[in-house]
Amino acid sequence: MNKLFFFQRQICKFVTNVNKSEFLKSFNIDHTPITHNISITNVNNQKSEIDSIKNGKQQQFRLHTSDKSDDSNSSMYSKQSLWPELEQLELKYKNEVKRGMTKKICSKYIKKISSDTDIYKCLEQAEISIPITAHSSRPNGEGILPSGRHRPSSTTILESELGLTGNNLLVNDLKLPNNESIESSNGAFDELNKTIVSNDKEVGVNELIIGGKTLDMNIIKTIYGTTDPNEIIANSPASVIKANTGMDPETWINMDISKLVIQQKLQKSRSSSDILEIYKENFTEINYVNAVTALHRIAKNSKNHERYTLSNDPTMNKLLDHIYSFIPQMDQQSITNTLWALTRLEIRPNWISNLFLKLIPLANKLTPSELSMSLYCVAKFNSSSKKRLVTNQINKSTAYTIKDTLLTISRQRIEEFKMPIELTCIATSFARLNVRDSHVFRYIADKSLQLFEMNKLDVEHICSLIWSFARVNIVNTSLLGHFCKFIEKNADKCALRDLVNLCWSLSKLNYTPNELFIYTMSPMLRTFIRDMNSRDVSIIAWSYSNAGIQDNELFKDLSLKIAANVNDLSAQDIAALINCFSHMSMNDKSLFRSLFSRAYILATGKHFTPVQIKTILRGLANAELMAPNKLVDCLSSLAIDHKNSFEIDLITVITSLSKLGVDSMKYEPLLFETEGIVHKMYVEDCISLLNVFINEANQSNNFVGLTGKRLILANAYLSQCCSRARNKYNFTTILAANLLNSMYKLNLSSPELLHIIMKQIIPLINHSTIEEFCLLLGALSNTDYSDRAIIRTHIHRRPLLQNSLKEKFALLSNSNPIDASSLTHAAIRIGYYDDVIDTLFEKIELSNNALDIISSSQAIWAMTQAGYKPSWSKRALETTLVSLNSASDDNDSIWRLLWCAIVHNVSSDLILPIAESITNDLPKDIFQAQQIALALVKTGLADGKFVSDVCKQFYNDILAYMRNDLYENFGVNRYARKSTRDDRKFKIRDINYDLWISECLIQLHIPHTSLHVIENVYRISAAFPSHGFILDVISFEDTLAPKNIAQASSTLRKSQLTLLGHLITRINLSDLYSAVADKTARMLIAKTISSFSWQAREFLSFKNPNEFIPSYNQEQCSEFQD
């Protein structure tokens, strides 16, 4: 076997290294077309021959029958057999002695060559021939190697001199051990193999008689290949030709010798100038293989800076025109090489469409390497706007046909891609074409891991694969984990482009190991600072900013690089850098000034796209350095010009302009544009736009509320929030708190939205942190009086909600006195009071009044409302009032203290001076202010002691203020529709106790006035004018849960109504609710008013077995539980 391997190597060495003059000795001087003619005899005793024909794109041998031989064949073949050449090779080695070889060793080699030459001659004399085309007709591509080399099929014993196997073996005078002959047919070779095996007893399976000589089968297999389909014949002549020439063996053997010499010169050249010079010298002699090779070698050996020079070179243009003339003759390999070269050189000739159209019918014949490279070239053409596939030369339908054909075939043959370069090309192609095929990328990931474990992937392949997965947003944690560990160990092998792509990819996939970025990526990136362009800097800055990795040293180096090349930054670079450096909280004022100046120049030239305008404005809004007004005004003008192009990004533009303090009139057209996209918004977008209105209110000195178009937009935003929430949207704790605060600051109300938030409140509380819970608690306590009534109703009627609040307050029991004051104030406002609140009150009591005015007012108000130690809270109140400075202290705190003074009946000498000092602003809690005004004006507390009429008029105006909660249920239809299942899903059932009481009194025939309002402050369920009595219900707004005690505001209401001359009888809502459920509602109401109503006493004296039930069903009376 060694001598045959040696013989094959010498053939290759002779082919590749012999000079032109020496090699041409074995051929005709005039290079006339001559071919091998091997005569055979088939079964029908007809004379046959093998001649050369030209079919389509490649030269093939084909068998046909004729009466006489025809010598007129293609000019691509030699006249002589190869055996004389082998004999000449033997003579050459007889006359030469290799360096270091003894004469004995050299003679041994010569002997081996002679033996091999005899074997070849025996085969030729036996007139055995194998068609070249046989290898392409094998089923399932059996025996074809991915690299273009050929593997023999399982039914093959012999190969041609090129190593191309096949089943179409033609045999003449082939002697088997039993002297049997084999018919010449398509399956003759299979039958030969079977016959040899079946007669192994007589001669042996390893022997074969050819031309009267017995040959060892091992020698035959060594020369022509093995029958094992899994064994690659690396030393076969076909493989050697492929490895040394880069050409298909068929093309090489069929090529004229002059073309071979040109081919060898082109392949040995290492510069584009040398290649063009060779082409220029042999312009008239080259064929399509030479032309394609020249273009391919130019693309491979050219640097980036040489591309412009080559595109203007006349010889290069002449070569391109020459290739265009060869397109009809090209095979798939030539087309693929041409496409790759054009892609590499970024050249787009006018005939590119012809090349693509030539490729489409050959797509199914492409090898895996050719298919992956073709798809890669199409993807590269399609990804760049300058080189997009759809052009004047290629219409849209043809472009789609090209892409769809290659994509479809790639999907069908995905398991054939096994080499690293093939997987990389397929992955990047699918990514560039934005094709997110999970099956394809799953196979690529699995195969890449196999190659990775075999150490067949290098850094460039790994970075390209990660980039492809990031481009289509497919996360494979196992693949990323293995690759990142490899990068950590081999970071020194990464080029700058690999590092930049890796940073972007990992950041895009949100797979950002801090140690990898800080200790591996950052040091390597700093070594490439000088080689980076502006695009690289912007990508790296975005990657670190998006990943949230703070590396000040790297950003300092990047800032120096930017400052030195700020005038080279494009609009996209400026947008990315301003946004990234502002998020990283960089304080480099000189850098920001340079970026702002460059941005202003580009903005005046209108170079920014809508997306870039949005990105810059967002960065300017977050930057610590205030942007110049001229830049902001210019960007806002550009935003208005592009208002129809923003869609949802319009929200970011508006919020950014609002944060920058731009006058609302300048971006008002953008704000009104949101009316048409409200239905597309998310809850976060609606909250952001409500915050814009809040910023406008903060800039206004006399903001009362939204009006006009802004009020319509705000209500539309709230409606969209409700719509989203109904469609299974789950609020987060922060979002719920922000939404409630926005509604409070803008004086907006949405009971439906509040019900939805309260239905989700239990998981929000349970899963929130301490900080988030405090934010949510503050937002709930800041709602207005009517909204707090809804919150109190939920707390009273939902024991699970009470348990959640209790657990969170237990975690806050160790708060300091200042925090305890805020917590207790918020808890009492929403109607919650338990033992933990008492613990917080004790901490406040032990603080010895070491609180500021705000904390003191909150603590005293909470203790007064809850009835905690009235004597201590009164002393603390008097102490605070004495030290109060109404000119500088918080206005809301003064109102709270004044209300507490009214409840505790503090001396009017302390109350009146404070009451007269706060007549310049209305309080936030109008109900408590009306209670104060009622005490000062109507109940005689002032006794005419007001210093000025202005003060008296101020409190009269407060009394005249119309609260929504007083009249919101007036005129309710008694027979209104019942609540639907969807309504009950998102809100708690209403308890209309006013209607219940009125219906019971009507059935009792007792005259009354329902929903009676007294002094525009208190609403009473029923009044009896003829008797001077009123029926007051102690509802959820008057009690604190879970202790279920009445709060001070309810006691103050009773006392003030008594001072106004009303006789009061009271009933608890819980008792009324239970009576309705037990069908004893009339009995309860009759007992309550029996002291002054003879009708009620008469009803009680007559025991009716069928108690009256109001006009509601039993389902509405059932208690709502979680």
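All residue numbers for the sequence shown refer to the numbering used here, where the first residue is 46 and numbers rise by one.
Beta carbons: idealized from backbone N, C-alpha and C, even for Gly.
When rounded, the separation of the alpha-carbon atoms in L716 and V698 is 10 Å. CA-CA distance, L468 to S417, rounds to 8 Å. In terms of Cβ geometry, A490 and L541 do not form a close pair [threshold 8 Å]. Each of V1058, S953, D686 and L820 was checked against the Cα of L1102, and the nearest Cα belongs to V1058. Secondary structure of F1147 (DSSP, three-state): coil. DSSP places A974 in the helix class (H, G or I) of the three-state scheme. When DSSP states are grouped into helix, strand and coil, L981 belongs to the helix group. Residues of the same chain with a CB within less than 8 Å of the CB of I963, apart from the 5 flanking positions on each side, are S931, N936, I939, W940 and L943 in chain order. Rounded to whole angstroms, the gap between the alpha carbons of R842 and F886 is 25 Å. The C-alpha of S703 lies about 22 Å from the C-alpha of H724.
DSSP links Y878 through a beta bridge to P1087. Listed as beta-bridge partners of D954 by DSSP are no residues whatsoever.
For A540, there is no enclosing beta strand (DSSP E), since its DSSP letter is neither H nor E.
By the neighbour-count definition (other C-beta atoms within 10 Å, threshold 16), S314 is a buried residue. When rounded, the separation of the alpha-carbon atoms in Y369 and C508 is 36 Å. Leaving aside the five residues that flank S550 on each side, the residues in its chain whose CB is nearer than 6 Å to its CB run, in chain order, I511, W512 and A515.
DSSP places I532 outside any beta strand (DSSP E); the residue lies instead in the alpha helix (DSSP H), whose first and last residues are T522 to K534.
K363 is the residue among K363, T354, D602 and C766 whose C-alpha sits nearest the C-alpha of N327. Rounded to the nearest angstrom, the Cβ distance from A616 to S583 is 11 Å, too far for a contact under 8 Å.
Between L321 and M361, the C-beta gap is smaller than 8 Å, which places the two residues in contact. Judged by pairs of C-beta atoms under 8 Å, the stretch 1075-1082 touches the stretch 1035-1054, as three or more such pairs exist. Taking the Cα of L599 as reference, the smallest distance to any Cα among N624, R481 and F573 is reached at F573. For V485, the enclosing alpha helix (DSSP H) begins and ends at S483 to E498. Taking the Cα of S867 as reference, the smallest distance to any Cα among S952, P394, E415 and S901 is reached at S901. Rounded to whole angstroms, the Cβ separation of D829 and S794 is 7 Å, and the two are in contact under 8 Å.
If you draw a straight line from the Cα of I343 to the Cα of T557, it is about 40 Å long. CA-to-CA, the gap between L1004 and P796 works out to about 25 Å. Under DSSP, N1113 forms a beta bridge with I1079. Non-local C-beta neighbours of T450 in its own chain, meaning closer than 8 Å and more than five positions away in sequence, comprise I405 and A408, ordered along the chain. Separation of the CB atoms of T1110 and T1133 is rounded to 6 Å, and the pair is thereby assigned contact status at 8 Å. Pairing K1088 with Y913 gives a Cβ-Cβ distance that is not under 8 Å.
Here I331 is buried. Its C-beta has 16 or more other C-beta atoms within 10 Å. The Cβ neighbour count for L647, taken over all protein chains shown within 10 Å, is at least 16; the residue is labelled buried. By the neighbour-count criterion, in which 16 or more other beta carbons inside 10 Å mark a residue as buried, V485 falls on the buried side. The beta-bridge partner set that DSSP reports for T1054 consists of A1068.
Straight across, the Cα-Cα distance linking N578 with P714 is about 39 Å.
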